[in-house]
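Respectively, the protein sequence lines represent chains A and B. Counting from 1, position 235 in the first sequence corresponds to residue 235 in the working numbering; the numbering is continuous, with no gaps. Counting from 1, position 90 in the second sequence corresponds to residue 1090 in the working numbering; the numbering is continuous, with no gaps.
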Amino acid sequence: MTLNRLIKLTLSILFVVLFSSKSFAAGSNIENLKVDWSFAGITGKFDRSSLQRGYQVYKEVCASCHSMQYLSFRNLGEKGGPEFSEEEVKAIAAGYEVNDGPNSDGEMFTRPGRASDKFVKPYPNVNAAMAANGGAYPPDLSVIVKARSGGANYIYSLLMGYEEKPADFVLDEGVYYNKYMEGNKIKMPAPLSDDLIEYSDGTKASLDQLSKDVTTFLTWAAEPHLEARHKTGTKVIIYLILLATLVYFSMKKIWLRVDSEK
Amino acid sequence: MSDHNYVPESKVGKWFNDRLPLLSLGAHLREYPTPKNLNYWWTFGGILTFCLITQIVTGIVLAMHYVAHADLAFESVEKIMRDVNYGWLIRYIHSNGASMFFLAVYIHIFRSLFYGSYKSPRELIWIIGMIIYILMMAAAFMGYVLPWGQMSFWGATVITNLFSAIPLVGESIVTWLWGGYSVDNPTLNRFFSLHYLIPFLILGLVVLHIWALHVPGNNNPVGIDIKKPSKDTVPFHPYITVKDIFALLMFMIIFAGFVFFSPNVLGHSDNYIPANPMVTPAHIVPEWYLLPFYAILRSVPDKLGGVLLMFGALFVLIILPWLDTSKIRSAVFRPLYRQFFWILVIDVLALGYLGAMPAEGTYLFLARVSTVYYFLHFLVILPVLGFLEKTDPLPASISEPVLTGGLSTSAAKSDDIK
Ligand code: HEM
Chain A
1 MTLNRLIKLT LSILFVVLFS SKSFAAGSNI ENLKVDWSFA GITGKFDRSS
51 LQRGYQVYKE VCASCHSMQY LSFRNLGEKG GPEFSEEEVK AIAAGYEVND
101 GPNSDGEMFT RPGRASDKFV KPYPNVNAAM AANGGAYPPD LSVIVKARSG
151 GANYIYSLLM GYEEKPADFV LDEGVYYNKY MEGNKIKMPA PLSDDLIEYS
201 DGTKASLDQL SKDVTTFLTW AAEPHLEARH KTGTKVIIYL ILLATLVYFS
251 MKKIWLRVDS EK
Chain B
1001 MSDHNYVPES KVGKWFNDRL PLLSLGAHLR EYPTPKNLNY WWTFGGILTF
1051 CLITQIVTGI VLAMHYVAHA DLAFESVEKI MRDVNYGWLI RYIHSNGASM
1101 FFLAVYIHIF RSLFYGSYKS PRELIWIIGM IIYILMMAAA FMGYVLPWGQ
1151 MSFWGATVIT NLFSAIPLVG ESIVTWLWGG YSVDNPTLNR FFSLHYLIPF
1201 LILGLVVLHI WALHVPGNNN PVGIDIKKPS KDTVPFHPYI TVKDIFALLM
1251 FMIIFAGFVF FSPNVLGHSD NYIPANPMVT PAHIVPEWYL LPFYAILRSV
1301 PDKLGGVLLM FGALFVLIIL PWLDTSKIRS AVFRPLYRQF FWILVIDVLA
1351 LGYLGAMPAE GTYLFLARVS TVYYFLHFLV ILPVLGFLEK TDPLPASISE
1401 PVLTGGLSTS AAKSDDIK
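In structure tokens, the structure reads:
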């Protein structure tokens, strides 16, 4: 009976919380495409090869416009991420020229990148980025998946959502029609298309594959400890349930003394 | 503690206790006679204490890595999430912890409303509780500003701007609050300072809250006065401690569910966009636990009126012990009040929902109706009900409850723990 009531209590709490969070779902005009992501769910993990391909897409396509300022090359080799080998990470970093200094003569200089360096930004500042993109700022992609309601599904949908505009829809020069963008107008030209790049692991680079891979990569970038979080969480909850069971029976035993008094 | 004379067994203990009676306090807390019929709604006091300590501990660790500067705050939070060992865990506990804290406090408050715990002789417990609640809102609001995302910035702008509604001095007050002519670095700095301070004020008030509670003792689901100690009471330890711990573990399971598997559902995605004074978000919404007040605020077309009504919503709660004219505490014996109680619950949930919706059309209309009903409940229904309502007969003691009809009899049963 008590347990029954407890379940009701738990349910009502959950109801209230879900009810209140539901109300946040921002009013986007169209349902996002749904993907069965490997990282979703309580045991979700990233698909390692998808992460590596996703990095390749970012590097060869998106990086020419979008920065990822909170990521360092070393992150690419860390556990729970794309897990490139140490040599691969070093080689990736060395492929970039990085500004450093001042040296002992007070001069700034460039040197090949190291694993500890941050990802190199495409533009020196926001104004330069806007000037090069018709007045729109290509947002930093480090936490973009968490910065849009709809998360990974939205990013994937956005990348897949370029279409012919409806006949009566008016677009200015340099603005494109996208089904999933707020207001359907976006100043980013469709960045991906079938076979745009050649995957180093030989996977066929369809638009769908490219979009999925880069979205997976961006999800990891926004939440690099997702795998550790899921793993720890499962352990914590199992532990709490076991402990609660023990405490429940101790409680019954202790209260037996009171209940038998009457 | 005057209610018993505790003498420590050891010599050292006695020496210490004669000079500082901490051991007596410990004995008082262990033996504190508690009604044996308390149900699980009474476990939320302990849960709230846990929430407060959790926020303080995680908050202090966060403050070791956080940088309170408009240009660095967002980045420092990202550093915590990425590079600080278990920083993601600490931050997610703290951010979801605030929501869990409010969830618990709302249950705790509605518990008090249902069982009439605010009535004589517990008015001061209630009022201290309301001060705690108001401080909690202040702390949570300022905490939400600290990551310096878009919602931080614009939420701060909207809320501080409310003060400009004050006649004559409003504008100057806002400038003073901001430390400048807009929400900016000085605002962030003072909010951080206050965000650090307020939880310790709350901690002090919790001590007073419990002190005041220990004078009359707990109310109980039947709502009648009981003799203490007697066969109606049990010592706090181990009976209540073990039950509180069990309930706390259940609460922690839900808490952990959010932290580990859905850490961002209760927040707004815009707060992962760095603050930008040049770009106003499409919808500025406060956190869920402030939404009912936000709905009340926006249901008045006049800014000053809205602000006054919003504070009025809190004020009627503070003076509630004198608005409710019924001498009967527990809703279990108040057939009419019981129904109005549930209508109020629905009304507040509706206000919460409407607070998140745009203030226009049907939403605005419903928000206005709900607002009016909220005040009607406290200012008209409660005072009148005390005179009109025919209450059910009260039992002589909680060991011999009279059986009443209807849904809530189970709440009155003394053998709740079975
Ligand atoms: C930091 C927040 C708070 C903490 C830590 C806290 C803690 C506690 C504790 C430990 C108890 C005793 C156990 C119980 O009855 O559940 C209690 C009782 C009580 N609290 Fe709170 N409380 C908090 C906030 C509030 C608020 C906001 C209110 C409402 C305005 C409130 C109203 C009461 C009342 C009326 C009682 C007496 C309950 C009774 O014996 O029936 N408390 N509180």
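All C-beta atoms, glycine included, are put in the ideal place defined by N, C-alpha and C. On a predicted model such as this, the values are computed, not experimentally measured, just so you know.
Asked                                                                                                                             : Found
Minimum Cβ-Cβ distance from V1488 of chain B to chain A less than 8 Å                                                             : In the structure as shown, chain B begins at 1001 and stops at 1418. Residue 1488 of chain B is therefore absent and cannot be evaluated.
Residues of the segment 1008 to 1028 of chain B whose Cβ lies closer than 8 Å to any Cβ of chain A, in chain order                : none
Buried versus exposed call for A1098 of chain B [16 or more other C-beta atoms within 10 Å across all chains shown]               : buried
Reduced DSSP secondary structure (H/G/I, E/B, other) of G309 of chain A                                                           : Because chain A here runs from 1 to 262, residue 309 of chain A falls outside it and cannot be looked at.
Partners in chain B for T232 of chain A, counting only beta-carbon separations shorter than 8 Å                                   : L1089, F1260
Minimum C-alpha distance to F1236 of chain B - residue among A:L242, A:T232, A:W255                                               : A:W255
Residues of its chain near S1370 of chain B, where Cβ-Cβ distance is below 6 Å and the 5 sequence neighbours each way are ignored : D1347, A1350, L1351
CB contact below 8 Å: W37 of chain A versus chain B                                                                               : no
Closer than 8 Å to chain B by CB, I254 of chain A                                                                                 : yes
Whole alpha helix (DSSP H) elements within the segment 56 to 139 of chain A, 4-residue minimum                                    : 86 to 94, 126 to 132
Supposed contact pair I1319 of chain B and M1310 of chain B - C-beta distance, whole angstroms, cut 8 Å                           : 16 Å between Cβ atoms; not a contact.
Inter-stretch contact at 8 Å, needing at least 3 Cβ pairs: the segment 1061 to 1071 of chain B / the segment 52 to 62 of chain A  : no
For T1034 of chain B, the first and last residue of its enclosing beta strand (DSSP E)                                            : 1033 to 1035
Beta-carbon proximity of P138 of chain A to M188 of chain A, cut-off 8 Å                                                          : yes
CA-to-CA distance, L242 of chain A to G1217 of chain B, given in whole angstroms                                                  : 33 Å
For V1158 of chain B and F1341 of chain B, the rounded distance between their alpha carbons                                       : 32 Å
Interface flag, S1370 of chain B vs chain A, CB-CB below 8 Å                                                                      : no
Contact set between H225 of chain A and chain B, taken where Cβ atoms lie within less than 9 Å                                    : M1081, R1082, Y1086, G1087, W1088, L1089
Straight-line gap, Q52 of chain A to A1139 of chain B (C-alpha atoms, nearest Å)                                                  : 42 Å
Cβ neighbour criterion (16 or more within 10 Å) applied to K1181 of chain B                                                       : Note on residue identity: the sequence assigns Tyr, not Lys, to residue 1181 of chain B. Y1181 of chain B should be labelled exposed.
Minimum Cβ-Cβ distance from S28 of chain A to chain B less than 8 Å                                                               : Here the model assigns S28 of chain A a pLDDT of 46, short of 50, so the residue's position is not dependable and the matter cannot be decided.
Contact under 8 Å by Cβ, E1389 of chain B with L1336 of chain B                                                                   : yes
Inter-residue Cα distance where the pair is L1213 of chain B and I238 of chain A                                                  : 36 Å
Buried or exposed (CB count within 10 angstroms, at least 16 for buried), L1354 of chain B                                        : buried
Helix, strand or coil at K1227 of chain B according to DSSP, with G and I counted as helix                                        : coil
Whole-angstrom distance between M108 of chain A and A128 of chain A, CA atom to CA atom                                           : 21 Å
Sheet register partners of K185 of chain A (DSSP bridge)                                                                          : A:Y177
Where A40 of chain A falls, given that 16 or more other Cβ within 10 Å makes a residue buried                                     : exposed
Contact under 8 Å by Cβ, K179 of chain A with I30 of chain A                                                                      : yes
Terminal residues of the alpha helix (DSSP H) in which V1234 of chain B lies                                                      : Element bounds for V1234 of chain B: not the alpha helix (DSSP H) but the beta strand (DSSP E), 1233 to 1235.
Residues from the segment 234 to 250 of chain A in contact with chain B, defined by Cβ distance under 7 Å                         : V236, I237, L240, I241, L243, A244, V247, Y248, S250
Inside the segment 1166 to 1247 of chain B only - alpha helix (DSSP H) runs reaching at least 4 residues                          : 1170 to 1178, 1185 to 1214
C-beta contact flag for L240 of chain A and A1156 of chain B at 8 Å                                                               : no
Neighbour flag for K179 of chain A against chain B, beta carbons, 8 Å                                                             : no
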